[in-house]
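First comes the structure, then the notes that go with it.
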Amino acid sequence: MGAVWRATDELLNRTVAVKELLIAAAPPTAAGVDALEESRQRILREGRIGARLQHAHVISMFDVVVYEDRPWLVMEYLPSRSLAQLLGEKGPLPQREVADIGRQVADGLAAAHVAGVVHRDVKPGNVLIAEDGLVKLTDFGVSRAVDDVQLTRTGLIAGTPAFLSPEVARGEDPAAASDVFALGATLYAAVEGVPPFGLDDNAYALLHKVATGEVRPPEQTGPVMDVIMWLLARDPEDRPSATQARDALAAAASGRDPGGSATAATAVLGARATDPPPTRPTVRPVAAPPPRAAAPTPSATCCSSCCWRCSRRVRASSRPC
Ligand SMILES: Nc1ncnc2c1ncn2[C@@H]1O[C@H](COP(=O)(O)OP(=O)(O)OP(=O)(O)O)[C@@H](O)[C@H]1O
Ligand SMILES: [Mg+2]
């Protein structure tokens, strides 16, 4: 989608990250020029929505400018590696380390969703991890805007659909629950080494698999994987909200029962394992938050074969309530 540069804001004298967005050239016709202008406007609009979000686990967008006919994003610079880079170097990560990464991303998503902003492209390449364990989510809204433009213009799918939710793969509009699924897919890939629907060079074949919602059964088991599978529920209404995901991942990361009862509490990547709960970000909502169905709550009368999350789903790997 573009190249990211480390740059200096000479006015404020601070280091920033600058992302040059590469969008497909328009055909040299009046309609082509109109389409290019429309896509530029759309990217600027999405960028400005992202610029309103201020949160400890979200890369701040400082500005979106058009220079030499191309949109450029000016963002907070975080000395870091992306989760995609980390997985490329180290391979799959320990489950509790993944849970700690996940709870930070979920915290950023929770704040965004409260403000009515959907990320639309949560994936390992957009999760930045600093040396001290601080995690921030980047590319809010913008990458999918660019991809949609490419898709409309060229008829080709830009990027991989490996982290899309089934409903988005079937053509529905992305919503908060699809961000939660994409976070689950990202964490699943971090634990298992492959995304939940596997990998396929043929983007259309992969898209077809994603649309079925049939996740490859994980080889790793345990409380962290249980939470990840909750995020990957096929039906958006069966998934946790980002806030519930954050709390369950935080519990799993610190060795507590994600269902509630505390046991050992050893923090992984501990520096920020006890972040304060998310505060409402300093943003003006651009749209009403998407309505959420009532989240599943542990049943008060569940039997020993119920899973710890709710009485509706019983899975062999779930622990009894
Ligand atoms: N704000 C930032 N601060 C520091 N490094 C960043 C920042 N944003 C991105 N990067 C680095 O630049 C790399 C490339 O980012 P980029 O967003 O172009 O790639 P991607 O997310 O893998 O793909 P896509 O083009 O689909 O977004 C990231 O992997 C990350 O290491
Ligand atoms: Mg990116």
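With the numbering used here as the guide, the letters of the sequence shown map in order to residues 2 to 322. We put the CB at the ideal spot given by N, CA and C, even for glycine.
Proximity test, residue i beta-carbon vs ligand 2 heavy atom, cut-off 7 Å
i	result
Gly324	Absent from the model: residue 324. The displayed extent of the chain is 2 to 322, so no value can be given.
Asp133	no
Thr213	no
Thr139	yes
Counterpart residues of residue i in DSSP-defined beta bridges
i	result
Ser81	Ala131
Leu74	Lys20 and Val65
Leu138	Val59 and Val128
Residue i and residue j closer than 8 Å at C-beta
i	j	result
Pro259	Pro224	yes
Val118	Val75	no
Ile102	Ala191	yes
Pro219	Val181	no
Gly92	Gly194	yes
Ala253	Val216	no
CA nearest to the CA of residue i, picked from the options
i	options	result
Ile60	Asn14, Lys137, Asp122 and Ala170	Lys137
Ala8	Gln55, Leu79 and His56	Leu79
Gly126	Val115, His114, Thr139 and Ala116	Thr139
Ile50	Glu238, Asp64 and Gly214	Asp64
Leu232	Leu250, Lys91 and Arg97	Leu250
Lys124	Asp10, Val19 and Ala186	Ala186
Thr222	Ala252, Tyr189 and Phe164	Tyr189
Ala85	Pro175, Glu77 and Val99	Val99
Val5	Ala243, Asn14, Met230 and Leu22	Leu22
Any non-hydrogen atom of ligand 1 closer than 7 Å to residue i Cβ
i	result
Glu77	yes
Leu129	yes
Ala190	no
Ser83	yes
Val136	no
Val115	no
Val8	Rather than Val, the amino acid found at residue 8 in this sequence is Ala. Result no, Cβ not under 7 Å from ligand 1.
Val5	yes
Short CB-CB distance (under 8 Å) between residue i and chain D
i	result
Arg240	Structure shown: chain D not included; a single protein chain is present.
_Touch test, the segment 68-76 against the segment 123-137, Cβ-Cβ under 8 Å, three pairs minimum_ = Judged by Cβ distances under 8 Å, the segment 68-76 makes no contact with the segment 123-137, as fewer than three pairs qualify.
*asked:* With a threshold of 8 Å, are at least 3 pairs of Cβ atoms found where one atom belongs to the segment 161-173 and the other to the segment 106-116?
replied: no
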